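Below is one structure, written out as structure tokens; comments come after it.
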Amino acid sequence: MRVSAPIAPVVDLLFPPRCPLCGAGLMSQDGLCAECWATLAVPGEPACTSCQRPFSDGIRDGAMCAPCLADPPRHAGIAAGTLYNDASRRLVLALKHGRRIALVPMMARLISARLGNVDAGWHVIPVPLHRWRLWQRGFNQAGLLAREIARAHGAGLVVDALHRRKRTPTLEGLGRRARARTLAGAITINPRRADLVRGARIVLVDDVLTSGATSDACVAALLKAGAAQVRIACFARVLDEALPNA
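Per this note's numbering, residue 917 is the first one in the sequence shown, and the count goes up by one each step.
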């Protein structure tokens, strides 16, 4: 993922750094050009004190959003590097399906900037892939992001703490209850990692947070196993109402 300094010039010579969104020349392999940086939507303040959902101007600090008031989440907050828009979607697809793993350090830096006080006392755990999907893709993008985040914060990395027991279909278009039924029993704790989870403060990492059904299932499994608290970290969070000019 990271290119060592001695061979970086050779890699750059063979594969000149290009912006993954527009193709413009870059100085390094893991960034965007200035114009494309400006197209990313970064969550701002003020935000919900519970889930960090951005508010419009005029909302006081410490307020909670309506969804959290109606159904308080079990997680201890959400740190999203960006809001899901066309630019972040293309980066996610470039990583997940285009195998552009050189993007991982940049994407992880954006997440880490939102995480706050995570240190060596925390464990970083990725949302798991089913073994067949992992075999087909060759990597778990959440695992790659988790590794960079753990390194940046000096936290422990536990890539196999969660296990996806069954391959679930896409949740797109399903209601809340249907999503919960689809994921019922799908994600469990790896018994070999139960001692690491018990009493731990955990950062749960994924690339995209859409409905929250998958992360909710992971949080539930971790808390059932005795985790002290679980914070969710993602590169892109789907919140259309929070996008500029939405």
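Built from N, CA and C at the ideal position, the CB exists for glycine as well. Since this is a predicted model, take the numbers as computed values, not measurements.
Quiz item: Which ranges would you report for the beta strand (DSSP E) in the region 979 to 1055 if only whole runs of at least 3 residues count?
Solution: Taken in chain order, the whole beta strand (DSSP E) runs of length 3 or more contained in the region 979 to 1055 are 994 to 999, 1038 to 1042.
Quiz item: Is it right to say Asp977 is buried, meaning 16 or more other beta carbons lie within 10 angstroms of its own, or is it exposed?
Solution: Taking the sequence shown and counting its residues from 1, one reaches residue 977 at position 61. Exposed is the call here.
Quiz item: What's the C-alpha gap between Leu1073 and Pro959?
Solution: Against the sequence shown, residue 1073 aligns to sequence position 157. Against the sequence shown, residue 959 aligns to sequence position 43. One C-alpha to the other measures close to 26 Å.
Practice problem: Check whether the Cβ of Gly947 lies closer than 7 Å to any Cβ atom in chain D. | Solution: Reference to chain D is not applicable here, since this structure consists of a single protein chain.
Quiz item: DSSP state of Cys952, grouped into three classes?
Solution: To locate residue 952, count along the sequence shown from 1; it is residue 36. Cys952: helix per DSSP, three-state reduction.
Quiz item: Cβ atoms of Arg1147 and Val1119: under 7 Å apart, would you say?
Solution: By 1-based counting over the sequence shown, the position of residue 1119 is 203. By 1-based counting over the sequence shown, the position of residue 1147 is 231. Contact flag set, yes.
Quiz item: Alpha carbon to alpha carbon, how far is Ala979 from Arg1030?
Solution: For the purposes of this step, residue 979 is identified with residue 63 of the sequence shown, where counting begins at 1. For the purposes of this step, residue 1030 is identified with residue 114 of the sequence shown, where counting begins at 1. In this structure, the CA atom of Ala979 is about 18 Å from the CA atom of Arg1030.
Quiz item: Under the three-state reduction of DSSP, which class applies to Asp1132: helix, strand or coil?
Solution: As a position in the sequence shown, residue 1132 is number 216, starting the count at 1. Asp1132: helix per DSSP, three-state reduction.
Quiz prompt | Nearest-angstrom Cα separation, counted from His1013 out to Arg1117 | solution = One-based indexing of the sequence shown puts residue 1117 at position 201. One-based indexing of the sequence shown puts residue 1013 at position 97. Whole-angstrom Cα-Cα distance: 31 Å.
Self-check item: Complete beta strand (DSSP E) runs within the region 1050 to 1127 (minimum length 3 residues, chain order)
Solution: The region 1050 to 1127 contains these whole beta strand (DSSP E) runs: 1078 to 1080, 1103 to 1105, 1117 to 1125.
Quiz item: Asp895 to Ser1028, Cα distance in whole Å?
Solution: Because the chain in this structure spans residues 917 to 1162, residue 895 falls outside the shown range and cannot be described.
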